[in-house]
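Colleague:
Protein chains: 2
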Amino acid sequence: MRIGLIGTGTVGGGVIEILEQRAKYFQEALGVQLELACICAKTDEELAPFREKGYAVSTDAFAMINDSTIDVVVELAGGYEMPRRWLTAALEAGKHVVTANKALLAKYGHELFPLAEEKDCHILFEAAVGGGIPIIRSLQEGLVGSSVEHLSCIINGTCNYILSRMSEAGLSFEDALKEAQAKGFAEADPTFDIEGIDSAHKTALLASLCSDTHVDFEKIHVTGISQITAEDISTAADFGCTVKLLGIYHRVGNRVDARVHPCLLPKEHLLSSVNGVLNAVFLQCDNLGPTLQTGAGAGRLPTASAVVADLVSLARSTDTGSRCALPMGFFSKENEAELVPIEETSARYYFRFAAKDACGVLAAITGILAQNEISIESIIQKNVNDPGKVSIVVITEKILECKAAAALQAIDALPNVVDKSQMIRFLM
Amino acid sequence: MRIGLIGTGTVGGGVIEILEQRAKYFQEALGVQLELACICAKTDEELAPFREKGYAVSTDAFAMINDSTIDVVVELAGGYEMPRRWLTAALEAGKHVVTANKALLAKYGHELFPLAEEKDCHILFEAAVGGGIPIIRSLQEGLVGSSVEHLSCIINGTCNYILSRMSEAGLSFEDALKEAQAKGFAEADPTFDIEGIDSAHKTALLASLCSDTHVDFEKIHVTGISQITAEDISTAADFGCTVKLLGIYHRVGNRVDARVHPCLLPKEHLLSSVNGVLNAVFLQCDNLGPTLQTGAGAGRLPTASAVVADLVSLARSTDTGSRCALPMGFFSKENEAELVPIEETSARYYFRFAAKDACGVLAAITGILAQNEISIESIIQKNVNDPGKVSIVVITEKILECKAAAALQAIDALPNVVDKSQMIRFLM
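So the protein lines, in turn, are chains A and B.
Just so we're aligned: the first sequence equals residues 1 to 428 in our numbering.
Just so we're aligned: the second sequence equals residues 1 to 428 in our numbering.
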């Protein structure tokens with residue numbers, strides 16, 4: 001199988017390295033031949049080291065795509081618009097595609113997957129979600145004897161590192177972010193990760209695979225972690241809980257409940273001990289029961305390894321002319337999931353109110369909760385460093401999101417409530 | 001694809017149930033047709049409910065196997081000799097095979113896998129190891145971009161339940177076993193599970209997949225859990241450790257280190273929090289880093305679900321004439337792994353000595369350890385309920401197994417050492 005690779009950055013470089021390392025094994029043990037026929041990048045400088053090693057290289061990705069001897073196009077360049085054009089051209093030319101680009105698939109998958117189905121080509125994307133965890137393959141193949149009822153996942157290493165460090169070392173969000181940046185676990189502009197956008201891309205893809213529908217990532221509820229404070233983390237610990245940024249999927253009748261937001265998890269929950277940059281996907285299936293997969297979420301070789309596993313799959317299927325992956329044609333605008341609006345979801349809630357230490361403030365807050373039919377499971381009033389201020393933490397029983405939102409809005413309008421109130425949902 | 005099923009017990013019944021439940025989904029969403037063409041069992045009584053439902057049934061498995069309209073034989077009867085004859089006949093007749101029978105594959109896989117390769121047939125066995133965890137598929141496909149350096153796994157739910165209950169509730173081994181039997185988690189004769197035989201079958205299969213060689217389960221070191229006491233569990237906890245029965249694989253140069261024995265694990269280790277009847281497989285891979293998969297290890301529907309996933313794979317591959325699984329022909333006598341003898345392995349050790357509370361006993365024990373060049377990391381002398389007796393626990397630094405064995409033999413011969421000494425290895 002002749003491979004055309006676009007992108008020689010972290011993951012692209014890793015793929016070249018693994019193919020060099022394991023090509024002989026693939027041929028001898030698996031009987032598949034993976035030939036890196038052309039490497040594309042933007043500039044000659046990026047390509048120079050590969051040209052020196054004897055690879056065919058090009059700065060013209062479209063020329064490579066239209067080369068009739070290329071069987072599969074591997075896109076590892078990142079971004080949206082150029083990859084969209086490359087992959088469309090590759091599929092139009094009848095080539096299989098492998099990509100690690102979750103942003104692209106979340107945004108344009110509804111064009112690309114149906115096109116692939118029409119052209120009888122595969123788009124494989126194991127590396128797009130949880131680099132080192134073969135979760136796409138599990139959902140498409142290993143778990144096909146079971147229906148996924150619930151999925152919750154930690155799929156952004158940056159956020160999980162920050163929350164883990166806030167929990168272990170009592171750091172503030174800002175200090176944990178700085179530490180993550182210093183260690184290379186967060187970008188200089190971390191918005192994409194900490195505001196949950198990256199998790200939303202991945203959650204939309206996983207929810208789509210679980211539901212056989214197209215879940216539009218732009219329509220799912222997303223809250224990031226930038227508003228989580230050290231006080232929230234330590235108060236959660238007092239309640240035996242950990243705070244994690246989760247991607248969540250539930251099947252609710254014919255509708256899909258998919259969202260991304262911080263969650264309180266009991267410390268006994270399997271996801272609770274997944275720390276640092278590790279990723280994890282927890283599934284509750286009808287026949288299989290609960291399963292968890294944990295592994296590296298990102299990084300050069302874990303991600304490249306997933307790309308190479310896709311290439312081996314493809315080679316084994318193209319050699320014999322079979323389909324190797326489940327049909328993905330369902331991922332189309334015509335088959336869009338009906339999402340459960342966040343207002344209609346329900347959960348137990350953690351509320352934290354910052355109030356003046358004034359007479360009647362607790363009565364006012366609990367009065368508003370009562371008006372909104374919110375039952376209180378427990379309540380703690382804590383002194384904070386700031387004299388004259390108190391912190392009131394309320395854990396509610398299971399209530400509707402719309403009630404929670406209405407109560408918070410009313411409470412935030414109270415004269416003695418000084419900061420915007422905090423709200424974190426429990427996973428269960 | 002026309003399926004012939006042998007066995008209508010727990011798992012066989014589960015497969016029938018899932019096929020009834022999901023056949024429409026497989027056809028509509030995946031485009032594969034799974035037709036249960038014949039159900040075989042030993043007696044007419046077992047078959048009666050299925051005949052009533054309209055299935056073709058038979059007490060003659062060989063006749064079904066030789067029916068030219070059957071594409072795949074699913075063996076869920078258990079045992080060794082009849083399944084060996086059935087599967088040999090099925091493969092000779094050019095039929096694919098799906099089985100959950102780890103004992104059969106560990107014992108006769110070296111005949112069956114090469115025969116399958118010769119006949120261009122598949123043997124799929126996802127359900128044979130860790131029912132609810134798609135670990136076979138992961139090793140064969142998802143992790144193929146990486147080489148497995150180390151594997152450790154909890155793959156016997158009975159043992160894990162017993163050890164978990166000893167740890168959580170301070171039960172003795174005997175009481176925990178009785179509880180497991182009362183809950184249906186252990187057989188009336190639990191030998192096969194508690195002595196580690198079942199784990200050895202599964203570990204041999206996993207080690208074979210990791211090493212592309214045939215690991216003979218009869219040659220790997222096996223110690224079960226029947227000698228683990230409540231005192232060992234609580235002392236391990238004092239050292240921040242949990243005791244688990246692990247299957248272990250290490251690649252050591254061109255040799256394979258595969259074994260099954262109880263292990264001390266630090267509480268932070270991912271396997272440490274896998275409790276009850278859950279199974280888990282931890283892998284350390286060169287490119288992928290560490291990954292863990294956890295899920296139901298046994299049970300009617302989890303195991304049946306894995307069988308059905310294999311059937312879907314097969315249907316997708318037979319419809320197009322492709323191979324769907326990695327070649328397993330390496331699993332043959334000609335390609336037997338060279339095993340590292342247990343004497344040549346090394347680990348940190350936990351020793352527990354029961355001694356008379358007599359002058360000089362500690363000096364005698366530590367003297368023998370010193371003669372065998374065993375460095376002590378820590379040592380605790382504890383009083384026990386029995387007056388006149390003491391318990392001495394030694395944690396060693398990393399030493400060779402042969403030194404540990406020699407020292408224990410000498411110590412057991414000391415006049416003041418009253419019971420056989422306990423030895424448990426640390427995982428790391």
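Cβ coordinates follow ideal geometry from the N, Cα and C atoms, glycine included.
All values derive from a computational prediction rather than experimental measurement.
Does chain B have any CB closer than 8 angstroms to the CB of residue 126 (chain A)?
Modeller: Cβ-Cβ to chain B under 8 angstroms: yes for residue 126 (chain A).
Colleague: How should residue 22 (chain B) be labelled, buried or exposed, when 16 other C-beta atoms within 10 angstroms of its C-beta is the threshold for buried?
Modeller: It is buried - the Cβ of residue 22 (chain B) has at least 16 other Cβ atoms within 10 Å.
Colleague: On the CB-based measure, 16 or more other CB atoms within 10 Å of its CB, does residue 296 (chain B) come out buried or exposed?
Modeller: Classification of residue 296 (chain B): buried, given that the 10 Å Cβ count is 16 or more.
Colleague: Take residue 46 (chain A) and list the residues in its own chain whose beta-carbon comes closer than 6 angstroms to its own, dropping the five residues that flank it on each side.
Modeller: Cβ within range, chain order: 8.
Colleague: From the beta carbon of residue 306 (chain B), is the nearest beta carbon of chain A less than 8 angstroms away?
Modeller: Answer yes: the Cβ-Cβ gap between residue 306 (chain B) and chain A drops below 8 angstroms somewhere.
Colleague: In terms of alpha-carbon separation, which member of B:154, B:211, B:351, B:190 lies closest to residue 254 (chain B)?
Modeller: Closest option to residue 254 (chain B), Cα to Cα, is B:211.
Colleague: From B:339, B:383, B:96, pick the residue whose C-alpha is nearest to that of residue 218 (chain B); which is it?
Modeller: Among B:339, B:383, B:96, the Cα nearest to that of residue 218 (chain B) is on B:339.
Colleague: Per DSSP, which residues does residue 4 (chain A) bridge with? Please list them.
Modeller: Paired residue(s): A:38, A:73.
Colleague: Looking at residue 157 (chain B) and residue 279 (chain B), is the spacing between their C-beta atoms short of 8 angstroms?
Modeller: The answer is yes: Cβ separation under 8 angstroms.
Colleague: How close, in whole Å, do the beta carbons of residue 429 (chain A) and residue 130 (chain A) come, if the pair is a contact with beta carbons under 8 angstroms?
Modeller: In the structure as shown, chain A starts at 1 and stops at 428, and residue 429 (chain A) therefore has no counterpart that could be examined.
Colleague: Between which two residues does the beta strand (DSSP E) containing residue 247 (chain B) stretch?
Modeller: That run of the beta strand (DSSP E) goes 241 to 252.
Colleague: Quick check on the burial criterion: 16 or more other C-beta atoms within 10 angstroms. Buried or exposed for residue 61 (chain A)?
Modeller: Buried, since its Cβ has 16 or more Cβ neighbours within 10 Å.
Colleague: Any idea what DSSP makes of residue 391 (chain A), helix, strand or coil?
Modeller: Correct three-state label for residue 391 (chain A): strand.
Colleague: Could you tell me which residues DSSP puts in a beta bridge with residue 350 (chain A)?
Modeller: According to DSSP, which records beta bridges pairwise, residue 350 (chain A) is partnered with A:395, A:424.
Colleague: Please compile the residues from chain A whose C-beta is within a distance smaller than 7 angstroms of the C-beta of residue 141 (chain B).
Modeller: Per Cβ cutoff of 7 angstroms: 137, 309, 313.
Colleague: Along chain A, in chain order, which residues have C-beta atoms closer than 7 angstroms to that of residue 296 (chain B)?
Modeller: Residues of chain A passing the Cβ test: 288, 289.
Colleague: On the three-state DSSP scale, how would you describe residue 414 (chain A)?
Modeller: If DSSP states are grouped into helix, strand and coil, residue 414 (chain A) belongs with coil.
Colleague: Thinking C-beta only, is residue 209 (chain A) closer than 8 angstroms to residue 270 (chain A)?
Modeller: Cβ atoms of residue 270 (chain A) and residue 209 (chain A): not closer than 8 angstroms.
Colleague: Does the segment 368 to 379 of chain B come within contact of the segment 416 to 428 of chain B, defined as at least 3 CB pairs closer than 8 angstroms?
Modeller: No, because fewer than three Cβ pairs between the segment 368 to 379 of chain B and the segment 416 to 428 of chain B fall closer than 8 angstroms, the two stretches do not touch.
Colleague: Since residue 196 (chain A) and residue 223 (chain A) should fall inside the 8 angstroms C-beta cutoff, what is the C-beta to C-beta distance between them, to a whole number of angstroms?
Modeller: That belief holds up - the Cβ atoms of residue 196 (chain A) and residue 223 (chain A) are roughly 6 angstroms apart, short of 8 angstroms.
Colleague: So with CB distances below 7 angstroms, who are the chain A contacts of residue 146 (chain B)?
Modeller: The answer, in chain order, is 305.
Colleague: Would you kindly check if the distance between the Cβ of residue 303 (chain A) and the Cβ of residue 11 (chain A) is under 8 angstroms?
Modeller: Yes.
Colleague: Would you list the residues sitting across from residue 281 (chain B) in a DSSP beta bridge?
Modeller: B:153, B:293.
Colleague: Taking the alpha carbon of residue 40 (chain A) as the point to measure from, which residue in A:56, A:29, A:94 has its own alpha carbon closest?
Modeller: The shortest C-alpha separation from residue 40 (chain A) is found at A:56.
Colleague: DSSP three-state call for residue 18 (chain B): helix, strand or coil?
Modeller: In this structure, residue 18 (chain B) counts as helix in the three-state DSSP scheme.
Colleague: Beta strand (DSSP E) containing residue 263 (chain B): first to last residue?
Modeller: Taken as a continuous stretch (DSSP letters only), the beta strand (DSSP E) holding residue 263 (chain B) covers 255 to 266.
Colleague: So residue 212 (chain A) contacts chain B; which residues on that side make the cut at Cβ distance below 7 angstroms?
Modeller: What residue 212 (chain A) touches in chain B: 29.
Colleague: What in chain A is Cβ-close to residue 273 (chain B), meaning under 8 angstroms?
Modeller: 270, 273, listed in chain order.
Colleague: Give, in chain order, every unbroken run of the beta strand (DSSP E) that is at least 3 residues long and sits entirely within the segment 108 to 179 of chain B.
Modeller: Listed in chain order, they are 148 to 154.
Colleague: Quick check: the Cα distance between residue 17 (chain B) and residue 396 (chain B), rounded to an integer number of angstroms?
Modeller: Cα to Cα, the separation comes out at about 52 angstroms.
Colleague: Can you tell me whether residue 359 (chain B) is buried or exposed? The criterion is at least 16 other CB atoms within 10 Å of its CB, across all chains shown.
Modeller: Per the 10 Å Cβ criterion, exposed.
Colleague: Can the beta-carbon of residue 402 (chain B) be found closer than 8 angstroms to that of residue 343 (chain B)?
Modeller: Contact: yes.
Colleague: Within 10 angstroms of its Cβ, does residue 184 (chain A) collect 16 or more other Cβ (buried), or is it exposed?
Modeller: Per the 10 Å Cβ criterion, exposed.
Colleague: Using C-beta distances below 7 angstroms, list every residue in its chain close to residue 44 (chain B), excluding the 5 sequence neighbours before and after it, in chain order.
Modeller: Counting only Cβ-Cβ distances below 7 angstroms, and skipping sequence neighbours, we find 59.
Colleague: Nearest-angstrom Cα distance between residue 242 (chain A) and residue 232 (chain A)?
Modeller: When rounded, the distance between both Cα atoms is 10 angstroms.
Colleague: Just verifying my parser: in three-state terms, what is the DSSP assignment at residue 356 (chain A)?
Modeller: Correct three-state label for residue 356 (chain A): strand.
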